[in-house]
Structures are given as C-alpha cells and as structure tokens.
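J.:
Numbering (our numbering), first residue to last: 184 to 456.
Here you go:
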C-alpha cells in the first residue's frame with residue numbers, strides 16, 4: 184500500500200537544503216546580540232544568553248551607519264530606476280525595432296559580459312576623474328545605470344510576447360512609443376520585477392568599485408563602511424554582525440515583495456531567442 188504524502192517528495196530534499204542555507208543567516212542575527220565574551224568563547228555559543236544590544240549601540244554611536252545606509256539606498260534606487268528605463272527601452276529596440284546592424288550591435292552589447300570588471304576599473308576611474316565625479320556618490324551609481332545582462336533579459340522577455348498585441352495597438356493609431364508604454368510595459372511587469380531584484384542585489388552589495396572610487400567615509404556605501412570594521416589586529420564582530428543585519432533585512436523584504444513576479448519571469452524568459 185502506497186502512502187500518499189501531504190507534500191511533494193522533493194520537499195524531503197529541499198527542506199534540509201533550505202535549512203542549510205538559513206543557518207548562516209540565523210547565526211549572523213544571533214551573533215549580533217552577543218557580547219564580545221560570548222563571541223570569543225570556546226567552544227562557540229550558537230545562542231546568546233540574552234539579547235545584548237551593545238553591538239547595535241556601538242554601531243549607531245561610533246559610526247555614521249545611518250549615513251551609509253542612506254547612501255546605499257540612494258545609489259540602489261538610482262541604479263534600479265536607470266536599469267528599468269534604459270534596459271527596457273534598449274531591450275525593446277533590439278526585440279522589435281529592425282535596423283541595419285541590429286544583430287551585430289546586440290552581439291557587441293552581450294559580449295561585454297565576458298569582460299572582467301577588474302579590467303575596466305582603471306579606465307573607468309580615469310574617465311570619472313576627468314569629469315570630476317570621483318569621491319562622490321555619482322561614481323557609485325553611474326556604472327549601474329544600465330547593463331548588458333539587463334538588456335538581454337528584457338529583450339528575451341519582449342520576444343516571448345505575441346506581436347499581434349502591438350499590431351492591434353498600431354491599427355488603433357498608437358505610435359511606437361505609445362505602444363511600448365501603454366501595451367508592452369504593463370505586460371512586462373514580471374521581467375521588470377526580476378530586473379529590479381537583480382539590480383538591487385548587485386548595486387546594494389557592490390564593494391570593490393565603491394572602495395576604489397570613494398575615499399570620504401561620509402560618502403561610503405554600507406558595504407564599504409562594514410568592510411572598515413575588519414582590521415589587521417582586531418575585528419569588532421558584534422558591530423560587524425549588527426551592520427550585516429541592517430544591510431540584509433532590506434534585501435530580504437525586497438525579494439519577498441517581488442518573489443511571485445521573479446518566479447514568473449524565470450518561467451517565460453528565454454522561450455524565444
């Protein structure tokens with residue numbers, strides 16, 4: 184007699200894997216409420232004896248963490264808006280507007296994904312220095328205004344949409360721009376939500392480029408500021424974990440908000456090429 188489980192058998196494999204990925208997050212939150220003695224205790228303690236707030240108090244009083252958080256929110260917001268506007272328009276152009284050399288141009292854009300960021304840092308820094316935006320927040324968000332991946336993602340989604348909808352809009356007298364704004368973009372909400380999540384994750388967690396381009400600690404992003412906690416002789420673990428909690432919570436909320444659209448886009452993207 185076969186026993187019918189109230190859930191998919193795959194859950195027996197996925198649940199332990201999910202717990203494995205959640206454990207570091209739980210340990211980070213628990214460590215943020217520990218004292219230095221508990222953190223350095225051997226054997227290590229997994230659960231604090233009480234909810235100590237020394238790490239959060241020291242973080243707020245000794246560092247401009249709220250300024251760093253505001254800088255990160257500003258950089259990420261501008262980066263997301265830039266991606267939504269520029270990548271969607273460029274992706275629609277490559278998907279629907281036929282012009283001489285469009286295939287070669289799209290191939291050139293996608294080929295830039297294979298160029299390591301480290302090779303572009305020095306020329307980008309020199310270019311930004313000439314136009315005077317080094318050591319400003321603009322240096323942190325300008326490279327994130329658009330990306331080849333975002334253009335590719337939006338193009339693939341637009342190709343999966345039936346062209347009859349746009350033809351019907353043109354028969355009603357709508358131009359290319361009106362068709363794009365009124366017909367295509369509302370249908371592209373799952374792709375736009377996915378692009379938002381990817382851009383938010385990348386710009387929020389970016390460390391290497393802001394570390395090179397920004398030296399004023401009041402213009403640090405959150406990741407650069409948290410990196411300064413790790414010294415050669417001593418690391419303030421309670422402050423570092425408290426800062427990581429502050430840096431992680433907005434990303435978790437953003438993903439939970441866009442989770443359904445994110446999954447929907449993964450089901451549609453890449454059906455046509």
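Backbone N, C-alpha and C define an ideal beta-carbon position, used for all residues, glycine too.
Source: prediction; values computed, not measured.
Candidates 323, 242, 214, 243: which alpha carbon is nearest residue 233's?
T.: Counting from 1 along the chain shown, the entry for residue 233 is found at position 50. The residue with the shortest Cα to Cα distance from residue 233 is 214.
J.: Name the one or two DSSP bridge partners that residue 413 has.
T.: Along the chain shown, read from residue 1 onward, the residue named residue 413 stands at position 230. As computed with DSSP, residue 413 is found in a beta bridge with 418.
J.: Going by beta carbon distance, what residues of the same chain come within less than 8 Å of residue 415, once the five residues before and after it are set aside?
T.: As a position in the chain shown, residue 415 is number 232, starting the count at 1. Any reading at residue 415 must be qualified, since the residue scores a pLDDT of 49, below 50, and its modelled position is unreliable; no value is offered.
J.: Alpha carbon to alpha carbon, how far is residue 305 from residue 395?
T.: By 1-based counting over the chain shown, the position of residue 305 is 122. By 1-based counting over the chain shown, the position of residue 395 is 212. Approximately 9 Å, taken between the alpha carbons.
J.: Taking the alpha carbon of residue 430 as the reference point, which residue from 365, 290, 191, 384 has its own alpha carbon closest?
T.: As a working note, residue 430 is residue 247 in the chain shown. It is 384.
J.: How big is the Cα-Cα spacing for residue 439 and residue 276?
T.: Within the chain shown, the letter at position 256 stands for residue 439. Within the chain shown, the letter at position 93 stands for residue 276. Near 31 Å, if we compare the C-alpha coordinates of residue 276 and residue 439.
J.: Counting C-beta neighbours from all protein chains within 10 Å, is the total for residue 419 16 or more, i.e. buried, or is it exposed?
T.: Reading the chain shown from its first residue, position 236 is the one you call residue 419. So residue 419 ends up on the buried side.
J.: Which of the three DSSP states, helix, strand or coil, is assigned to residue 453?
T.: Position 270 of the chain shown, counting from 1, holds the residue named residue 453. A caution first: residue 453 carries a pLDDT of 45, below 50, which makes its placement in the model too unreliable to give a value.
J.: Taking only runs of the alpha helix (DSSP H) that begin and end inside the region 341-422, which ones reach a length of at least 4 residues, in chain order?
T.: 347-354, 359-362, 372-387, 391-396, 405-410
J.: I need the boundaries of the alpha helix (DSSP H) containing residue 202, first residue and last residue.
T.: Sequence index remark: in the chain shown, residue 202 carries index 19 (1-based). Counting along the chain, the alpha helix (DSSP H) containing residue 202 begins and ends at 194-215.
J.: Please confirm if the region 318-326 is in contact with the region 254-261, defined as three or more CB-CB distances below 8 Å between the two stretches.
T.: yes
J.: Are the beta-carbon atoms of residue 334 and residue 273 separated by less than 8 Å?
T.: Stepping through the chain shown from its first residue, residue 334 is reached at position 151. Stepping through the chain shown from its first residue, residue 273 is reached at position 90. Contact annotation: residue 334 and residue 273 have beta-carbon atoms nearer than 8 Å.
J.: Beta-carbon within less than 7 Å of residue 251's beta-carbon, same chain only, minus the 5 sequence neighbours each way: which residues are those?
T.: By one-based count along the chain shown, residue 251 stands at place 68. For residue 251, where only same-chain residues beyond five positions count, the Cβ hits under 7 Å are 403, 404, 405, 408.
J.: Going by beta carbon distance, what residues of the same chain come within less than 6 Å of residue 351, once the five residues before and after it are set aside?
T.: Within the chain shown, residue 351 is the residue found at index 168, counting from 1. Answer for residue 351: no residue qualifies.
J.: So what does DSSP say about residue 223, is it helix, strand or coil?
T.: Position 40 of the chain shown, counted from the first residue, corresponds to residue 223. Coil at residue 223, not helix or strand.
J.: Sort 432, 443, 428 by Cα distance to residue 236 and report the nearest one.
T.: As a working mapping, residue 236 is identified with position 53 in the chain shown. Closest by alpha carbon: 428.
J.: For residue 209, which of 442, 443, 432 has the nearest alpha-carbon?
T.: Start at 1 with the first residue of the chain shown, and residue 209 comes out as number 26. Selected option, being the one with the closest Cα: 432.
J.: Could you tell me if residue 254 is buried or exposed, where buried requires 16 or more neighbouring beta carbons within 10 angstroms of its beta carbon?
T.: By one-based count along the chain shown, residue 254 stands at place 71. The residue in question, residue 254, is buried, as its Cβ has 16 or more Cβ neighbours within 10 Å.
J.: By the 10 Å Cβ neighbour count, where 16 or more other Cβ atoms means buried, how is residue 411 classified, buried or exposed?
T.: The count along the chain shown starts at 1 and reaches residue 411 at position 228. That one is exposed.
J.: Taking the Cβ atom as the reference point for each residue, do residue 421 and residue 222 lie within a distance shorter than 8 Å?
T.: Walking along the chain shown from the start, residue 421 turns up at place 238. Walking along the chain shown from the start, residue 222 turns up at place 39. A contact, by the Cβ cut-off of 8 Å.
J.: Between residue 388 and the rest of its own chain, which residues show a CB-CB distance below 7 Å, the 5 nearest in sequence each way excluded?
T.: Residue 388 sits at position 205 when you count from the first residue of the chain shown. Cβ neighbours of residue 388 beyond the five flanking positions: 406.
J.: Is it buried or exposed, residue 245, if we count other Cβ atoms within 10 angstroms and call 16 or more buried?
T.: To locate residue 245, count along the chain shown from 1; it is residue 62. Exposed is the call here.
J.: What is the residue span of the alpha helix (DSSP H) that residue 273 lies within?
T.: Within the chain shown, numbered from 1, the residue matching residue 273 stands at position 90. Note, residue 273: alpha helix (DSSP H), 271-279.
J.: Rounded to whole angstroms, what's the CA-CA distance from residue 201 to residue 293? Just pull it up for me.
T.: As a position in the chain shown, residue 201 is number 18, starting the count at 1. As a position in the chain shown, residue 293 is number 110, starting the count at 1. Approximately 33 Å, taken between the alpha carbons.
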